[in-house]
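Residue numbers (the working numbering): -16 to 346. From the three backbone atoms N, C-alpha and C, an ideal C-beta is built for every residue, glycine too. First up is the structure itself, then whatever we jot down about it.
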């Protein structure tokens, strides 16, 4: 549905300002998309601000990378303040509910300029600022064997990094597109979470967390990346999370599970206590190798972690196959990868795993 034509005269718009704050609250809580002063704007309102959950909103204007916020004006119950994440006042806004579900408004910037806002409910049904510009920049390049790659980041956001594989085949281009889309999506997701934190913490600014794809291995037929990011939208926002390996088959473009490299991915890994008390049973097994490779400065940690052959917890590294254990929240400090050298892994590899390891070791 197209946006209705704006009022032609400022006076006709001001005449519609009779509805006060309560009437505004009746129509604001949704997602809006429209224009203000010729620039595209997306707004979203909800009962989010502070402990009392006051009505407030966030908005994205033009092609800015950042979200800003709309909060009640403490000096005028019929106006709102537009503020930055750092709580700097950017201007004042007056809203009123137009006919047929439209939102009208007058937007006054700090320099006294006034622009009209015209918006309609977003057809997407959720907050999406698709006009953001995220310029990708090349930070460096490298090679593993004959396979080249570039390190990339989002301009102005040095903690948002990924890689771009060398080559111009359709498969390589598709993998690079997916990596780029994930990189951009990570920023938008982190900004969603930062907005929630901003409202919850009553205007305390929060930086966008880390996101990084680290190239572990690049061969003729496989690329393995480790992805680091920060947990979001909860009390553990600043905690680092890592997916040990995402692997792309460069012949098909499909993701390849590292568990397919194992001859028997259903093996149950015994506890350290079992390996110690039954040495004859576990001699020469993968369980024995993992516990021999596990190291932690706190000797009590071994009793509080568990190894399991989950794809998200296994990764190829230059030193060997890394197995990351699981632990309850209170023992997360005990999580440390056990790295088994590839030569010791050979008895436990599938035919595909043997091919992949041979390719890795030939570099």
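- Looking at 267, 290, 343, 320, the one whose alpha-carbon comes closest to that of residue 331 is 267.
- Here the alpha carbons of residue 67 and residue 73 stand approximately 7 Å from one another.
- Excluding residues up to 5 positions away in sequence, 41, 50 lie with their Cβ nearer than 7 Å to the Cβ of residue 178 in the same chain.
- In the three-state reduction of the DSSP assignment, residue 270 falls in the helix class, which pools H, G and I.
- Per the coordinates, the alpha-carbon of residue 54 lies some 5 Å from the alpha-carbon of residue 64.
- Beta bridge pairing from DSSP links residue 42 with 26, 51.
- Nearest in C-alpha terms to residue 122, of all of 140, 25, 100, 47, is 140.
- Taken atom to atom, the span from the alpha-carbon of residue 11 to that of residue 336 is near 57 Å.
- In the DSSP annotation of this structure, residue 308 is not part of any beta strand (DSSP E), being labelled neither H nor E.
- Its chain contains 56, 75, 76, 77 as the residues whose beta carbon lies nearer than 8 Å to that of residue 62, once the 5 sequence neighbours on both sides are disregarded; these appear in chain order.
- Beta bridge pairing from DSSP links residue 296 with no other residue.
- In terms of CA proximity to residue 83, 103 leads the group 103, 276, 286.
- By alpha-carbon distance to residue 69, the top candidate from 181, 19, 101 is 181.
- With a cutoff of 8 Å on beta-carbon distance, residue 19 and residue 44 are scored as near each other.
- Cβ contact annotation for residue 327 (same chain, cutoff 8 Å, sequence separation greater than five): 272, 303, in chain order.
- Counting the other Cβ atoms within 10 Å of the Cβ of residue 255 gives 16 or more, which makes it buried.
- Annotation for residue 119: the continuous beta strand (DSSP E) segment containing it runs 119 to 127.
- If you draw a straight line from the Cα of residue 237 to the Cα of residue 162, it comes to about 13 Å.
- A direct Cα-to-Cα measurement between residue 311 and residue 329 gives close to 31 Å.
- Burial is judged here by how many other beta carbons sit within 10 angstroms of a residue's own beta carbon; residue 234 has fewer than 16 and is exposed.
- Counting the other CB atoms within 10 Å of its CB gives residue 109 a total below 16, which places it among the exposed residues.
- Buried is the label assigned to residue 213, since at least 16 other Cβ atoms lie within 10 Å of its Cβ.
- At the C-beta level, residue 308 and residue 290 come within 8 Å of one another.
- Contact check for residue 343 and residue 200: beta-carbon distance about 6 Å, within the 8 Å limit, so the pair qualifies.
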